Structure formats: C-alpha cells, structure tokens
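Report on the following structure.
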Ligand code: SAH
Ligand code: F3S
C-alpha cells in the first residue's frame, strides 16, 4: 500500500464522512478501502446513510463530506444517484462547505460531463484511484475547485491494512477486475476495462493477512473470476510459498492454494461466466470442503436466440450440461443465477423459454431485472423494442415463479443437519446466534456466544421466509 497520503495534514477537525454504496460487492470493497484510508487520515466515518438518520432539522446532512460509490449496470442505479445529487445540491445551498464526491462506475462512464451537469459536485475518483481520495478531498478543501482523478490504465484493486471492514469474520477479497467478454447488454467492459488479475502471490498474502486479523470466511471477487490468470512469483524462494508455480495461475489453482491457509474456514467467490466454468473447477470445489457450495452462474435467458443476441457464447443446452455436471460432482451444490427480462427482440416464446429454464433448473436464487439500455454497449444499437409494461409483466412472472421454486428448495432442507458458521448474536433475539451454512443459507439457533466464529452442527427445524431456525445437535 502506498503511503504518499501521509504528506497531507490531518483534517483540522474530525470531519464526518458518509459513504453510500450502490451496486456490486466490488463497490462494497472499494467503499471499505475508502472509509479506511479516510479514517486513517483522521476523518470520522458515519455508519448511517445520510439520507435517513443523519439529517438535522434543516435537511442538511450531518456529514461534512458525502461520497457516493456508484453503479452503472442498470439505468435505475444511475437514477438513484441523480436523485440524491439533486437533494445534495439543495443541502449545499444551506451549507456551502458540504463536500460532495463520486466514486465507482458512473465516474468511469461519464467522466467530466458530470461536473458540468452538477455544479454542486466537488470531486470524482475513478475505480483505479481510490487511494487518491484523501489527497483529492484535501485539494477540494484547499482550493474549492472541482477536482478529479480518473486513471485509464492499471489495476483497480487496492490491498491495504487500513481497510475498514464491515464484517468481523468475513472479508471481500478482489482478485481480478474488468472483463474481456462482450455481452452486448453489459457496460462493465466499458467502466471497468479489460481483465487484469492480481498476482497470485499478492492474493495469497492478502488472504493470509486477513486470516491473521481474524477473518475466517473470504469471498473472492471479480467480474469473471473464472478467467483469473494471475502471474505467480518468478523467483524460486517465493514460488516455494505454498506450492505456487512460477507461471500463470488459473482460478482453480488459486482456489486450491488459498484452501491451504490455516485458520481460513470458508471460501466463496463471485461471479463466474458459464463459458469459463470447467470440470477442473468443479473438481477443486468437490475436494475442498472449505469452498462454498453456493455457485453463482448467470444464465440471462433460456432462449438460444436471446443468448446469441446477448453474445453469451453458449447455448441453453450447454449451460444445462454444465449444471448437470456440477450437480453430479458436488452433492447438494446450490446454484444461483442472473436473468434479464425483456432484452431487445425478446418475444413471448423467448420469455416462455426462460420460464421453462427456471422450472427445469430450479435455482436456489436469482437476480431478475428488466433490461435497460446502457449507452455505448453493443446492444445500445439494437432496438429496445419490448414495451415497458411487457418488460414489467415478464419480470414479475419470472420473479413469482422463481420465488416459489426457491421456497420449495428451502423446504427440502428441513430436518437436515448442517454445519453453520456462527457469525453474530441475533439482533431480533439476542439470546440466539445467527450464522450461514456453507450453502450460504441463513440460520438462527440457540447457542453460547462463545460459539461465534466457529462452525456449529445444527438441525434445521423451521423456515420463516428465507431464514431457518435450528437446534444445535
Ligand atoms: N460478471 C458480472 C456481471 C456484471 S452485471 C458480475 O460480477 O456479476 C450483473 C448482472 O446485471 C448481469 O449478470 C446481468 O444479469 C445484469 N445486467 C447487466 N447489464 C444489464 C442491463 N443493461 N440491463 C439489465 N440487467 C443487466
Ligand atoms: Fe458483463 Fe458479460 Fe463481463 S455480463 S461483466 S460483459 S461476462
């Protein structure tokens, strides 16, 4: 971690910073880094969302600095930021000292255009420049000019022990960013650029450091973790470190090496592209009980015509084969997916094919969203020809169907004994603990607080919505 931020004077008073995170887990990680770096500089990081609890009677946020870590994946996420920007503009009329900043994908997508559109905006920091945030805030305070740092090249992952993690036992660990696929609907290759992997040695060291800090469950992050291809150390002494060879390390190899870290109890990862999910990966999952049994594999549509139009590089039959192979190899694997409703050119027959796919594959979870055109993507040149009411209807149908399937899948777990990682006391019932199974299902159970931070064998007795209640066995 670079420490050139040390040349800046600490804030004159303990200025309060609110960071609101939109979008994916990568943004959550970046917000944790941003919060940590600023806290290290003497800023106070507010827990609350400034739009809810932190407003005083005048409507001005209590925060001195408001940062929004933005997402561009769907139009709706951007609209929420624009809405807040309007609100903050009004707040700034009352408190001209308020500093407003943007991070994340919208900065990469719109760049300086945002300064023109929003004169109340003080600073923008690109996804590769989170470490520059303290310096930029200082600059705004000194000059009161709009400042930005948006680097085009390099990797956007910052490993730092100054990170301010939300979880005590769980940590995000980005291993690669960007994407070399060209799914026609997707803006990620534009906002996050081409794939870049962190060197395997750095990932291993950061994972070990986190485990030493008390982390027991890691989630590896990347737009397409399956195409991770991190260079491993070149010199012999370093390659000896847990058997990483002096060559590029594949994702299954990386997983296997991380499983060897003593004290690490569970390892998840997201997201995988079906094209790059291979039997080698399923084998590694199967033989390493530490690896999460929840596998997120976005399908997007059950219609081959749509998959082709989306340039997903596989047919539905190929996807089905992968699921079959994985389920055959890994008992009880829990598979989740992403679906887009109403993509360009989608007919009733295509929509029916997606419904059938959900019924056949019986996912344990699905993120289902209406298609929204993203500027600059290949699909932005195609007609967005499914009327909004039809998109909404299809979206709702898919959600209803999927909810019923998930509920049935969960019911099937009742009566079974599972290992649950005890994470914290229950907020609703402080006498109980809350934990997650290796399939990432939530379980509440009665046990001594001393069990927090370990796996506990629990029988699943009852199901309320998505939460199980169990008894320690
Ligand atoms: N591999 C990435 C995918 C990023 S986008 C990951 O890390 O998850 C996440 C999901 O958003 C996609 O799988 C897709 O289902 C959805 N999505 C992407 N672009 C979209 C768009 N233009 N409209 C609606 N949904 C979209
Ligand atoms: Fe987007 Fe497709 Fe990559 S959904 S992140 S272009 S795999």
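Numbering (this note's numbering), first residue to last: 1266 to 1738.
Beta carbons: idealized from backbone N, C-alpha and C, even for Gly.
All values reported here derive from a predicted model rather than from experimental measurement.
7 Å CB neighbourhood of residue i in its chain, flanking five on each side removed
i, result
"residue 1542", "1491, 1562 and 1587"
"residue 1444", "1453, 1454, 1457, 1460, 1488 and 1489"
"residue 1571", "1608, 1611 and 1615"
"residue 1269", "The predicted position of residue 1269 is uncertain, since its pLDDT is 45 and thus under 50; a value taken from the coordinates is nonetheless stated next. So no residue of the chain qualifies."
"residue 1627", "1670 and 1674"
"residue 1293", "1286 and 1437"
"residue 1476", "1526, 1528 and 1529"
"residue 1447", "1454, 1576 and 1643"
8 Å CB neighbourhood of residue i in its chain, flanking five on each side removed
i, result
"residue 1711", "1696, 1697, 1698, 1736 and 1737"
"residue 1620", "1567, 1662, 1663 and 1666"
"residue 1655", "1607"
"residue 1451", "1338, 1444, 1639 and 1642"
"residue 1647", "1449, 1574, 1609 and 1610"
"residue 1343", "1335, 1336, 1337 and 1371"
When the options are compared against residue i, the one with the closest alpha-carbon
i, options, result
"residue 1678", "1634, 1734, 1718 and 1647", "1734"
"residue 1346", "1515, 1409, 1415 and 1285", "1285"
"residue 1298", "1437, 1380, 1384 and 1415", "1437"
"residue 1485", "1343, 1706 and 1422", "1422"
"residue 1462", "1420, 1470 and 1357", "1420"
"residue 1706", "1663, 1601, 1621 and 1623", "1601"
"residue 1352", "1722, 1676, 1672 and 1383", "1383"
"residue 1674", "1617, 1598 and 1496", "1598"
"residue 1538", "1496, 1553 and 1583", "1583"
"residue 1295", "1442, 1376, 1651 and 1722", "1442"
"residue 1709", "1691, 1716 and 1718", "1691"
"residue 1470", "1639, 1439 and 1634", "1439"
"residue 1398", "1464, 1716, 1333 and 1448", "1333"
"residue 1714", "1730, 1617, 1694 and 1648", "1694"
"residue 1482", "1639, 1717 and 1594", "1717"
"residue 1624", "1400, 1638 and 1585", "1585"
"residue 1336", "1305, 1640, 1522 and 1288", "1288"
"residue 1392", "1447, 1417, 1304 and 1727", "1417"
"residue 1372", "1554, 1413 and 1729", "1413"
"residue 1617", "1593, 1343 and 1569", "1569"
"residue 1369", "1290, 1531, 1357 and 1304", "1290"
"residue 1560", "1552, 1447, 1553 and 1536", "1536"
"residue 1379", "1355, 1411 and 1302", "1411"
"residue 1551", "1594, 1645, 1302 and 1343", "1594"
"residue 1657", "1649, 1494, 1634 and 1647", "1634"
"residue 1303", "1513, 1401, 1514 and 1354", "1401"
"residue 1431", "1301, 1549 and 1629", "1301"
"residue 1613", "1589, 1630, 1650 and 1522", "1650"
"residue 1751", "1375, 1362 and 1376", "As displayed, the chain neither begins before 1266 nor continues past 1738, which places residue 1751 out of reach and without an answer."
"residue 1357", "1596, 1554, 1330 and 1381", "1330"
"residue 1668", "1731, 1723 and 1374", "1731"
Beta-carbon proximity list for residue i, same chain, < 6 Å, skipping 5 on both sides
i, result
"residue 1720", "1684 and 1686"
"residue 1591", "1547 and 1598"
"residue 1632", "1603"
"residue 1309", "1279 and 1281"
"residue 1340", "1637"
"residue 1473", "1526"
"residue 1534", "1485 and 1490"
"residue 1517", "1545, 1546 and 1549"
Nearest-angstrom Cβ-Cβ length linking residue i and residue j, presumed shorter than 8 Å
i, j, result
"residue 1688", "residue 1701", "7 Å"
"residue 1660", "residue 1606", "4 Å"
"residue 1415", "residue 1394", "7 Å"
"residue 1253", "residue 1350", "Residue coverage of the chain in this structure runs from 1266 to 1738, which leaves residue 1253 outside it and unanswerable."
"residue 1725", "residue 1680", "7 Å"
"residue 1558", "residue 1435", "Not a contact, Cβ separation roughly 16 Å."
"residue 1556", "residue 1520", "6 Å"
"residue 1644", "residue 1408", "Not a contact, Cβ separation roughly 41 Å."
"residue 1495", "residue 1514", "5 Å"
"residue 1354", "residue 1385", "4 Å"
Cβ of residue i within 9 Å of any chain C Cβ
i, result
"residue 1666", "Within the model displayed, chain C is absent; a lone protein chain is all it includes."
Residue i beta carbon near the ligand FMN (any heavy atom closer than 8 Å)
i, result
"residue 1600", "Annotation note on the ligand FMN: not contained in the displayed structure, which lists the ligand SAH and the ligand F3S as its ligands."
Any beta strand (DSSP E) of 3 or more consecutive residues that is wholly inside the segment 1512-1557: 1513-1515 and 1531-1535
At 3 residues or longer, and completely inside the segment 1680-1734: list those beta strand (DSSP E) runs for me, N to C. 1682-1690, 1697-1702, 1707-1711 and 1720-1729
At which residue ranges does the segment 1630-1683 contain complete alpha helix (DSSP H) runs of 4 or more residues, listed in the order of the chain? 1653-1676
Only counting runs of 4 or more residues, tell me where the alpha helix (DSSP H) segments fall wholly within the segment 1555-1589, in order along the chain. 1569-1574
Enumerated in chain order, which unbroken segments of the alpha helix (DSSP H) with a length of 4 residues or greater are wholly contained in the segment 1374-1452? 1378-1382 and 1398-1408
Below 8 Å, can you find three or more Cβ-Cβ pairs linking the segment 1532-1552 to the segment 1426-1434? no
Please determine if the segment 1573-1583 and the segment 1524-1533 are in contact, where contact requires at least 3 C-beta pairs separated by less than 8 Å. no
Threshold first: 4 residues or longer. Then list the alpha helix (DSSP H) segments lying entirely within the segment 1280-1308, N to C. 1290-1305
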